[in-house]
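S.K.: Sharing a structure with you now.
2 protein chains.
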Amino acid sequence: MTRDESAAIDAFERLGLTSYEAKVFIALQQVGSGTARDVARTTDVPRSQVYSVAESLEERGLLAVQQASPIRYRPVSIEEAQTTLRNRFEREQERAFDYVEQVKRDSVEEETQEDIWTVRGRERVDDRVVDLVSNADDRILFGTRLPDLVTPALGEALENRAAEGVAITVVSRDEGVRDKLGSLEGVTAKRPPTHREGDKRSGRILIVDDDGILLSVVDDSGGETAIWSAGSLFASVLIQLIEASDEIR
Amino acid sequence: MTRDESAAIDAFERLGLTSYEAKVFIALQQVGSGTARDVARTTDVPRSQVYSVAESLEERGLLAVQQASPIRYRPVSIEEAQTTLRNRFEREQERAFDYVEQVKRDSVEEETQEDIWTVRGRERVDDRVVDLVSNADDRILFGTRLPDLVTPALGEALENRAAEGVAITVVSRDEGVRDKLGSLEGVTAKRPPTHREGDKRSGRILIVDDDGILLSVVDDSGGETAIWSAGSLFASVLIQLIEASDEIR
DNA sequence: ATGCTGTTGTTATGATCCTACAAACGCGCT
DNA sequence: AGCGCGTTTGTAGGATCATAACAACAGCAT
Numbered sequence: 001m002t003r004d005e006s007a008a009i010d011a012f013e014r015l016g017l018t019s020y021e022a023k024v025f026i027a028l029q030q031v032g033s034g035t036a037r038d039v040a041r042t043t044d045v046p047r048s049q050v051y052s053v054a055e056s057l058e059e060r061g062l063l064a065v066q067q068a069s070p071i072r073y074r075p076v077s078i079e080e081a082q083t084t085l086r087n088r089f090e091r092e093q094e095r096a097f098d099y100v101e102q103v104k105r106d107s108v109e110e111e112t113q114e115d116i117w118t119v120r121g122r123e124r125v126d127d128r129v130v131d132l133v134s135n136a137d138d139r140i141l142f143g144t145r146l147p148d149l150v151t152p153a154l155g156e157a158l159e160n161r162a163a164e165g166v167a168i169t170v171v172s173r174d175e176g177v178r179d180k181l182g183s184l185e186g187v188t189a190k191r192p193p194t195h196r197e198g199d200k201r202s203g204r205i206l207i208v209d210d211d212g213i214l215l216s217v218v219d220d221s222g223g224e225t226a227i228w229s230a231g232s233l234f235a236s237v238l239i240q241l242i243e244a245s246d247e248i249r
Numbered sequence: 001m002t003r004d005e006s007a008a009i010d011a012f013e014r015l016g017l018t019s020y021e022a023k024v025f026i027a028l029q030q031v032g033s034g035t036a037r038d039v040a041r042t043t044d045v046p047r048s049q050v051y052s053v054a055e056s057l058e059e060r061g062l063l064a065v066q067q068a069s070p071i072r073y074r075p076v077s078i079e080e081a082q083t084t085l086r087n088r089f090e091r092e093q094e095r096a097f098d099y100v101e102q103v104k105r106d107s108v109e110e111e112t113q114e115d116i117w118t119v120r121g122r123e124r125v126d127d128r129v130v131d132l133v134s135n136a137d138d139r140i141l142f143g144t145r146l147p148d149l150v151t152p153a154l155g156e157a158l159e160n161r162a163a164e165g166v167a168i169t170v171v172s173r174d175e176g177v178r179d180k181l182g183s184l185e186g187v188t189a190k191r192p193p194t195h196r197e198g199d200k201r202s203g204r205i206l207i208v209d210d211d212g213i214l215l216s217v218v219d220d221s222g223g224e225t226a227i228w229s230a231g232s233l234f235a236s237v238l239i240q241l242i243e244a245s246d247e248i249r
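Heads up: the protein sequence lines correspond to chains A and B, in order. Take the first sequence: its position 227, counting from 1, is numbered 227 in the UniProt record's numbering, and each next residue is one higher. Take the second sequence: its position 171, counting from 1, is numbered 171 in the UniProt record's numbering, and each next residue is one higher.
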């Protein structure tokens, strides 16, 4: 069992297959088609188990069963397997969220709660940044010294807002960041006036209108953690404090 | 626990969450945000379990944790949760199939094996039909008495083939089927010459070039099962037998 | 301070379920 | 009988579910 193979099996497991199912499917893709014995030979799945495993794979639409003696199995094409799995995923997701949308509380007033939230992980922070940006009505201020933190999704969101007349300022001491975002229609890119030499931990800063703020830091191992708040007194006070300093402006 | 709710929980489980995780996520969407106790109140998840469950949900990016006392939890928006899950799915699928593609045997000769395969389930049959159609070079003959078995994907596939100069004939005694497919560019729709009154079981028939055939039946409970073969002597013989009769033509 | 009460967050402990894995069995064939 | 095929049964291990116990702490009356 190679390193790659067990990684692939793990991935299949996260897609909802059991490890036997993953192994049988992979084995069948290797040998093209074959009997239970053929499959058992190329994997460490016991032959007696192949039958039931193949049956459940058939129900999932990942292989075809030939009624013969001995029974032969044949995998569907890779493309077909992918679309089958994807369709299944979309169907389940729809079912799951349909209900959630039904029962979701209309959280109207809740926006003004005095809450500061923590988000861990680069992608999570990405999502939150885009979400905040997308709700901007008046102005957006975004800053980071790390080009990696400027994602395509952020660019799109900023462009959309700019098209709606939202004033957008990007602040960075990194030329790449300024070029990438400054080239967008309606986006102004600046250098921060001061330069703190020892700054190796700050990640990004985002200010939206006068009531939304996000601030992230990057720890030693590269993990990003952000705090954010929107529509709270906290947020507006923090914004005032930050903008009173001349770090960004 | 309503019927809908447990269905939604099942769907979340198939997406890879545990039932506790699903319950906590749903509960948080209902209440907006809250403490472990709030969550435990609106579900049957024991409060002591909420903490660890919420932690794993945070790792999945489905909720945010507020560092306070007591700890407060807040779900991400439904849209964000969906894209997070979808991204995860796509990533895993890519990982899984990358490996499969690496090791997939170049099954060259294998096409000409003498095999007849069985496919169970409407969607599976749909997929196979589209796959066979897409590989047609010369001509396609498709027939069914059931309008439901004419899917959009089939229509597209036929249109594509027609554009490549493949001769396409659709045979049905159902006017709706003839209209739907006959209206496509390059598709000829016909009525079958004979009419067997007692035919309540046949599903669809597909003949591709002179070497691919698929035949499906519908059982009492509406389930569809198909047999098919391509590139085999079986297939060509069957095609000759069928076309010798005047049932379709 | 002291003691009481209720809550919070953590941890431990069975019960239960599913998968992984192994072995045996019935059957048809030669 | 001997052999391969397909089915069935049994067991060990792990994850999840469900409940309980625990220390730490805040509020409040003595």
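A virtual CB, placed ideally from N, CA and C, is assigned to each residue, including glycine.
Beta strand (DSSP E) containing Lys190 (chain B): first to last residue?
M.R.: Note, Lys190 (chain B): beta strand (DSSP E), Val187 to Lys190.
S.K.: So, is the C-beta of Val21 (chain B) closer than 7 Å to a C-beta in chain A?
M.R.: A small correction: the amino acid at residue 21 (chain B) is Glu; Val does not occupy that position in the sequence shown. So no, Glu21 (chain B) is outside the interface.
S.K.: Count the CB pairs spanning the segment 62-71 of chain A and the segment 51-71 of chain B that are closer than 8 Å, and state whether there are at least three.
M.R.: No, they do not touch.
S.K.: Please classify Ser183 (chain B) as buried or exposed, where buried requires at least 16 neighbouring CB atoms within 10 angstroms.
M.R.: So Ser183 (chain B) counts as exposed.
S.K.: Of all the beta strand (DSSP E) runs that stay within the bounds of the segment 116-204 of chain B, which reach a length of 3 or more residues?
M.R.: You should have 117-120, 139-144, 167-171 and 187-190.
S.K.: Once DSSP output is grouped into helix, strand and coil, what is the label at Ser48 (chain A)?
M.R.: Reduced to three states, the DSSP call for Ser48 (chain A) is helix.
S.K.: Have a look at the DSSP bridge pairing and note the partners of Pro75 (chain B).
M.R.: Pro75 (chain B) is bridged to B:Leu63.
S.K.: Who are the Cβ neighbours of Ser236 (chain B) in its own chain at under 7 Å, not counting the five residues just before and after it?
M.R.: If we look at Ser236 (chain B) and ignore the five residues flanking it on each side, its Cβ neighbours are Asp210 and Asp211.
S.K.: Run through DSSP, which three-state label would Thr84 (chain B) get?
M.R.: Helix.
S.K.: Since I believe Val170 (chain B) is in contact with Arg178 (chain B) (beta carbons under 8 Å), could you give me their beta-carbon distance rounded to a whole number of angstroms?
M.R.: Sure, about 7 Å apart at Cβ, within 8 Å.
S.K.: At what residues does the beta strand (DSSP E) containing Leu17 (chain B) begin and finish?
M.R.: Unbroken run through Leu17 (chain B): none, as it is neither H nor E.
S.K.: Are the beta-carbon atoms of residue 251 (chain A) and Val187 (chain A) separated by less than 7 Å?
M.R.: This structure cannot settle anything about residue 251 (chain A), because the visible part of chain A is limited to 1 through 249.
S.K.: Just to make sure I have the definition right: I need the residues of chain A whose C-beta is within less than 7 Å of the C-beta of Leu85 (chain B). Which are they?
M.R.: Chain A residues near Leu85 (chain B): Gln93.
S.K.: Please return the same chain residues whose Cβ sits closer than 6 Å to the Cβ of Glu126 (chain B), not counting the five positions on each side in sequence.
M.R.: Glu is not the amino acid found at residue 126 (chain B); the sequence shown has Asp there. Result list for Asp126 (chain B): Thr151, in chain order.
S.K.: In the structure shown, what three-state DSSP assignment does Val56 (chain B) receive?
M.R.: The amino acid occupying residue 56 (chain B) in the given sequence is Ser; Val does not appear at that position. Helix at Ser56 (chain B).
S.K.: With distance defined between alpha-carbon atoms, name the residue in B:Gly223, B:Ala230 and B:Glu101 nearest to Ala81 (chain A).
M.R.: Out of B:Gly223, B:Ala230 and B:Glu101, B:Glu101 has the C-alpha closest to the C-alpha of Ala81 (chain A).
S.K.: Assign Pro193 (chain A) to one of two classes, buried (16 or more other C-beta atoms within 10 Å of its C-beta) or exposed (fewer than that).
M.R.: Looking at its Cβ environment, which holds fewer than 16 other Cβ atoms inside 10 Å, Pro193 (chain A) is exposed.
S.K.: Opposite Thr225 (chain B) in the DSSP bridges: which residues?
M.R.: Note: Thr225 (chain B) sits in a beta bridge opposite B:Arg120 and B:Val217.
S.K.: Can you say whether Val217 (chain A) is buried or exposed, counting buried as having 16 or more other CB atoms within 10 angstroms of its CB?
M.R.: Classification for Val217 (chain A): exposed.
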